[in-house]
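Enquirer:
Chains as they are written, first to last, in the working numbering: chain A, 7 to 121; chain B, 3 to 111.
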């Protein structure tokens, strides 16, 4: 499968714990995006990278959230001191200026449940 | 402010009937508009984008700048069209996507 992959697919954690999610984009896609989706809502933008540079962060991304893309390939999203309000589906997408110019391709998501 | 509004959370039509999913947007500038679809147990995927001006799976969408709308239409619904549909916009150069709340479309046999 050459699509965007995300791990883990599901994560259950207790309030106050730290969690880290991984996203592997489509090979050679230089842009990588993180979104969060809560029940009944559309995805909301969190942040995006071009290669290893983080170019934009949403105000939704509190100080407890940090994202990295150290080598311009995979990315990690860490949430520190999780809260129940962090329970959501975390989606990753990637894109490139290719045949479908900058169209974003999504991964299957990581569902986080904070108890 | 950038905003996408999908007024219908649920839409149910019979097989063979026409379908229209509404999408209105607010954006200062020239946005790019998209429809994404999520079938049961599948990931979010692009259905169509306004600059392509193409029909995918029988669906079309026309950008109306005067009414700031990008409604999705299909003349004859099929059962396999049952899914969650999201309208989204981005600025030029496809940076972040701003999504609507989504419309769950159910096609009844």
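Just so you know, even glycine gets a beta-carbon here, dropped at the ideal spot from N, CA and C.
Express the C-alpha separation of residue 27 of chain A and residue 55 of chain B in angstroms, rounding to a whole number.
Expert: Each residue's alpha carbon lies about 36 Å from the other.
Enquirer: Three or more beta-carbon pairs under 8 Å between the stretch 53 to 63 of chain A and the stretch 113 to 120 of chain A, yes or no?
Expert: Verdict: no, contact absent.
Enquirer: Spell out a yes or no on whether the stretch 44 to 58 of chain B and the stretch 3 to 14 of chain B are touching, meaning 3 or more CB-CB pairs, one atom from each, closer than 8 Å.
Expert: With the cut-off at 8 Å, the stretch 44 to 58 of chain B and the stretch 3 to 14 of chain B do not touch.
Enquirer: Taking the DSSP output, what are the residues bridged to residue 37 of chain A?
Expert: A/56 and A/101, per the DSSP bridge assignment.
Enquirer: Check each candidate in B/94, B/97, B/44 and B/71 and name the one with the smallest Cα separation from residue 23 of chain B.
Expert: Ranking the options by Cα distance to residue 23 of chain B, first place goes to B/71.
Enquirer: Going straight from the alpha carbon of residue 83 of chain B to that of residue 110 of chain A, what length do you get?
Expert: Computed Cα separation, rounded: 22 Å.
Enquirer: Rounded to whole angstroms, what's the CA-CA distance from residue 32 of chain B to residue 84 of chain A? Just pull it up for me.
Expert: Computed Cα separation, rounded: 34 Å.
Enquirer: In three-state DSSP terms, what is residue 56 of chain B?
Expert: Here residue 56 of chain B sits in coil by DSSP.
Enquirer: So, with DSSP's three-state summary, where would you put residue 8 of chain B?
Expert: Three-state result, residue 8 of chain B: coil.
Enquirer: For the stretch 43 to 55 of chain B, list every residue whose C-beta sits within 8 Å of some C-beta in chain A, in sequence order.
Expert: So the close ones are 45, 46, 47, 48 and 51.
Enquirer: Please state whether DSSP places residue 30 of chain A in a helix, a strand or coil.
Expert: Here residue 30 of chain A sits in strand by DSSP.
Enquirer: What residues of chain B sit near residue 66 of chain A, judged by a beta carbon separation below 9 Å?
Expert: Chain B residues near residue 66 of chain A: none, gap ~11 Å exceeds 9 Å.
Enquirer: Could you say if the stretch 25 to 41 of chain A and the stretch 9 to 26 of chain B meet the contact criterion of at least three C-beta pairs nearer than 8 Å?
Expert: With the cut-off at 8 Å, the stretch 25 to 41 of chain A and the stretch 9 to 26 of chain B do not touch.
Enquirer: DSSP state of residue 12 of chain A, grouped into three classes?
Expert: Residue state, collapsed to three classes: strand.
Enquirer: Between residue 63 of chain B and residue 93 of chain A, what straight-line distance do the alpha-carbon atoms span, to the nearest angstrom?
Expert: Cα to Cα, the separation comes out at about 34 Å.
Enquirer: Can you find the residues in the same chain that come closer than 7 Å, C-beta to C-beta, to residue 41 of chain B, ignoring five residues on each side of it along the sequence?
Expert: The answer, listed in chain order, is 85.
Enquirer: In terms of residue numbering, what span does the beta strand (DSSP E) encompassing residue 120 of chain A cover?
Expert: It spans 116 to 120 - the beta strand (DSSP E) in which residue 120 of chain A sits, taken as one unbroken run.
Enquirer: Give the secondary structure of residue 89 of chain A by DSSP, where H, G and I count as helix, E and B as strand, and everything else as coil.
Expert: In the structure shown, residue 89 of chain A sits in coil (DSSP, three-state: anything other than H, G, I, E or B).
Enquirer: Rounded to the nearest angstrom, what separates residue 54 of chain A and residue 8 of chain B at their Cα positions?
Expert: Whole-angstrom Cα-Cα distance: 25 Å.
Enquirer: Going by Cα to Cα distance, which pick from A/21, A/49 and A/102 is closest to residue 114 of chain A?
Expert: Nearest C-alpha to residue 114 of chain A: A/49.
Enquirer: Please classify residue 81 of chain B: is it buried, with 16 or more other beta-carbons within 10 angstroms of its beta-carbon, or exposed?
Expert: So residue 81 of chain B counts as exposed.
Enquirer: Going by DSSP, what residue range makes up the beta strand (DSSP E) through residue 36 of chain B?
Expert: Start and end: 34 to 40.
Enquirer: Under 8 Å, Cβ to Cβ, is there at least one residue of chain B near residue 51 of chain A?
Expert: Taking Cβ atoms only, chain B reaches closer than 8 Å to residue 51 of chain A, which makes this a yes.
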